[in-house]
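First the structure, in the form of structure tokens, and then the observations on it.
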């Protein structure tokens with residue numbers, strides 16, 4: 398059978414068996430063993446554990462050999478993934494800004510994603526330090542930098558043969574902000590200041606404009622006067638003698 402640690406603690410504290418360890422036997426606290434075949438489905442183990450009021454089962458092969466054990470925690474972890482009450486390394490991380498974080502190398506990728514929302518994954522590595530180590534392709538020195546898929550990794554601390562602290566920044570978003578600022582600057586109109594000489598010249602042109610127009614008008618009037626004089630000089634037309642006067 399199985400012996401659970403909490404049963405031992407209850408026995409030593411006197412909540413079960415009177416607290417007399419000298420007279421207590423394993424029969425009073427031992428749990429019976431349950432056996433399942435290796436072909437049993439994982440989702441069926443929930444009902445099996447509940448029905449048999451147990452949290453562990455022994456896996457037996459076809460020849461009666463023990464292949465291993467399976468617990469309720471194993472089943473939950475297999476279905477829902479890693480479940481932890483705390484984030485590994487959460488007391489050590491440092492937020493530079495919303496796009497840059499300094500975290501311990503042993504921080505799990507799931508915890509790192511929950512903290513930063515950075516979409517960084519790996520088929521082999523399970524920690525952010527492991528991902529950085531694979532990208533560096535060797536043990537980096539402090540200050541070494543590598544970029545990958547829009548993210549920048551800078552080794553902040555190296556202890557022994559592992560990356561103990563790493564800075565991860567999202568560089569793609571920063572570049573977009575810089576490009577946008579440069580575009581706004583380039584699109585802004587350039588206003589040149591006029592020199593005093595240019596201002597004085599423009600003022601004179603505005604002043605002389607109406608005078609030229611008046612001069613032109615005067616010329617037209619003079620032409621009309623000349624035409625009138627030519628008309629006056631023409632000989633008067635004599636009346637036709639043959640015209641009948643009524």
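Numbering (this note's numbering), first residue to last: 398 to 643. Cβ coordinates follow ideal geometry from the N, Cα and C atoms, glycine included.
Spatial neighbours of residue 468 in its own chain (CB-CB distance under 7 Å, excluding positions within 5 residues in sequence) are listed in chain order as 452, 453. Distance from residue 499 to residue 562 at the Cβ level is roughly 6 Å; contact confirmed, criterion being Cβ atoms closer than 8 Å. If you ignore the 5 residues before and after residue 472, its C-beta comes within less than 7 Å of the C-beta of 439, 442, 443, all in its own chain and listed in chain order. Counted as a single uninterrupted DSSP element, the beta strand (DSSP E) harbouring residue 559 occupies residues 559–567. Shown here, residue 448 sits in a helix according to DSSP, grouped into three states. Burial of residue 567 is indicated by the presence of at least 16 other C-beta atoms within 10 angstroms of its C-beta.
CA-CA distance, residue 528 to residue 409, rounds to 46 Å. In this structure, the CA atom of residue 559 is about 9 Å from the CA atom of residue 537. In this structure, DSSP gives residue 497 an extended state, which the three-state scheme calls strand. Secondary structure note for residue 476: its alpha helix (DSSP H) is the uninterrupted segment 469–477.
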